[in-house]
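Residue numbers (the working numbering): 677 to 783. Think of the CB as a built atom: it goes at the ideal place given N, C-alpha and C, for glycine as much as any other residue. All values reported here derive from a predicted model rather than from experimental measurement.
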């Protein structure tokens, strides 16, 4: 069974499993199915707003699509969550990515 099918089966068994939803989003992202990836990241964050790692990937997808305002919004949400959780690594990654996008906007 393909990995995507396995993940879909796992999600069907446990629809609230954030890790499985994140893994599905990454699978779709890697397969170039951006709309599905966006959907899975967004649903993940609606169900579990403290899943801080998803903010980076969701924002990157928006930035890749030149949806910079939405990318900034997602980065800012992720930065706030990382601060709340005391997750310095995520805070650093999100802040750095946001700053890089700001620099690109200036060019």
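Looking at residue i: is its Cβ nearer than 7 Å to the Cβ of residue j?
| i | j | result |
| --- | --- | --- |
| residue 737 | residue 720 | no |
| residue 699 | residue 717 | no |
| residue 704 | residue 692 | no |
| residue 750 | residue 734 | yes |
| residue 694 | residue 724 | yes |
Give me the Cα-Cα distance between residue i and residue j, rounded to the nearest whole angstrom.
| i | j | result |
| --- | --- | --- |
| residue 762 | residue 683 | 30 Å |
| residue 690 | residue 708 | 25 Å |
| residue 747 | residue 777 | 9 Å |
| residue 773 | residue 680 | 28 Å |
| residue 775 | residue 782 | 11 Å |
Mark residue i as exposed unless 16 or more other C-beta atoms lie within 10 angstroms of its C-beta, in which case mark it buried.
| i | result |
| --- | --- |
| residue 678 | exposed |
| residue 741 | exposed |
Would you check if the region 752 to 768 and the region 713 to 732 touch, i.e. whether three or more CB-CB distances between them fall below 8 Å?
As far as the Cβ criterion goes, the region 713 to 732 touches the region 752 to 768, which means the pair count is three or higher.
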